[in-house]
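In the numbering used here, the protein residues as written are 11 to 376.
Heads up: the structure comes next, in structure tokens.
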Amino acid sequence: MLINMTPRLKRCIINCLNLILLTLILIYVLSIRRIYKMETKYQPANCFLNKNELDDSLGIPLEDVLLSEVEPIIESTIFFIDTSCPSNGNILELTARQACAIESAAFNNDIYQIFVLFASPRYQQQEGKRHPLIDAILSYPNVQLRQVNLMRYAAGTPIEDWLKKGELFKSSYLSTHLADVLRLLTLYRFGGICVHLDTMILNTVTVLPLNYAGADLDNQISTAMLSLTSTGFGHQFAGDCLRDLQQSFDANNRHTSGRDVITRALQRACGTFNVAEMRNNPKGCQSFQLYNHTQFLPIKPADWRQLFEEEFLDEVLQQTRGVSFMLHLWHSKSHKERIKRGTKAAYTQYARRHCPKAYAAAGEYF
């Protein structure tokens, strides 16, 4: 057929065929990449399943929280949970604000153990080589740094089988969802208090009951500070939350495993959907105390800048001093906000008082 065609027409047809062939090859390659991504997207993250081998010559691996001789003291431990994958090998690192959160807990609650749990294996460098922020928090004898083996940690809990199926690792918000899971597993195992790393504790928690949380302005239960007993209602509540979590888990909803789960569980415990009725009504909520947002979330998410700007100093102090047990920094909104040490903003003023060592070790910016 091509024999009777002009050379120009032949070249045109050959070029078109080549273009079609290249297009088909490109489609094939993109399809293979898409399939590969679909297959690998939902593979468990190695950093969270303890598959990374640590090099002992580079530092001291953190002990597993379940294998360590120093264990969390039942109902007398404040927990912080870090679910980031290390960006610098497996070297233990903390930001100045994270160190401040940990120190503020230790500073104000010396009769409590402070356990910082890392979801991926980490090692700390030898003394003299560590970052000053690490030295700052480790100067408190009640601060312990530990790693968590996720599958071992979940063994014997209501979500053991669910975790093995890998549903959690389909999450579009894996770090957030994993933190929610570890928070509930921790309270189920040990009881005690779980606190977010983007906070600052302003007072002792010894004056608070054993089962409590704070409400936010959206009529949801905040997980920024959550306390449960290791037996009785607290243990049952944590188990109820874990069962709810696996049944309602939505990989594409950031809040599916956190405040939504806690809110539903408390609605069941209190026999009401009305958060206002739950507040300050422990008798109606089986001993669970739900506090107003002013105790734990005094600064609204939309007003987070007030913590970092000098012009709002007096206003924030008036809202929080003698009223709030902690400040919430709303990390998702404020993490890029740099503030110079010495700035007369509410956050720096409180930091000088409640995390003095981290504040001093932070450098120019805090």
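Glycine residues also receive a C-beta, built at the ideal position from the N, C-alpha and C atoms.
Exercise. Gly268 to Asp260, Cα distance in whole Å?
Worked result: 11 Å
Problem set entry | Beta-carbon contacts of Phe117 that lie in its chain and below 7 Å, excluding the five residues immediately before and after | His364 and Cys365
Exercise. Hey, Leu221 and Ser237: beta-carbon distance below 8 Å or not?
Worked result: Per the sequence presented here, residue 221 reads as Asn, with Leu not at that position. A contact, by the Cβ cut-off of 8 Å.
Problem set entry | Sub-8 Å separation of Met288 and Leu307 beta-carbons | no
For this session: Identify every residue that forms a DSSP beta bridge with Arg289.
Result: Leu300
Exercise. Under 7 Å from any heavy atom of the ligand NAP, does the C-beta of Leu155 make it?
Worked result: This structure lacks the ligand NAP, and indeed carries no ligand of any kind.
Exercise. How about the region 163-180 and the region 134-151: do they share at least three Cβ pairs that are nearer than 8 Å?
Worked result: no
Exercise. Could you give the distance in angstroms between the alpha-carbon of Phe58 and the alpha-carbon of Glu321?
Worked result: 42 Å
Problem set entry | Gln157 versus Leu36 - alpha carbon distance | 44 Å
For this session: Tell me where the alpha helix (DSSP H) around Thr186 begins and ends.
Result: Leu184 to Phe200
For this session: Compute the beta-carbon to beta-carbon distance between Leu317 and Tyr375, rounded to the nearest angstrom, for a pair I have assumed lies under 8 Å.
Result: Not quite, the Cβ-Cβ distance comes to about 15 Å (not below 8 Å), so this is no contact.
Problem set entry | Rounded C-alpha distance that separates Glu319 from Arg331 | 17 Å
Exercise. Between the beta-carbon of Tyr198 and the beta-carbon of Leu155, is there less than 8 Å?
Worked result: no
For this session: Taking all protein chains shown into account, decide if Pro219 is buried (16 or more other Cβ within 10 angstroms of its Cβ) or exposed.
Result: exposed
Exercise. Based on the DSSP secondary-structure assignment, which residues constitute the bridge partners of Gln134?
Worked result: Ile70
For this session: Rank His338, Ile83, Cys280 and Ser344 by C-alpha distance to the C-alpha of Ile211 and give the top, closest one.
Result: His338
For this session: List the whole-angstrom C-beta distance separating Leu195 from Thr167, where the pair is believed to meet the contact cut-off of C-beta under 8 Å.
Result: 6 Å
For this session: Could you pull out every unbroken beta strand (DSSP E) segment of at least 3 residues lying fully inside the region 95-131, listed in chain order?
Result: 123-128
Exercise. Taking the C-alpha atoms as reference points, what is the distance between Arg348 and Thr216?
Worked result: 33 Å
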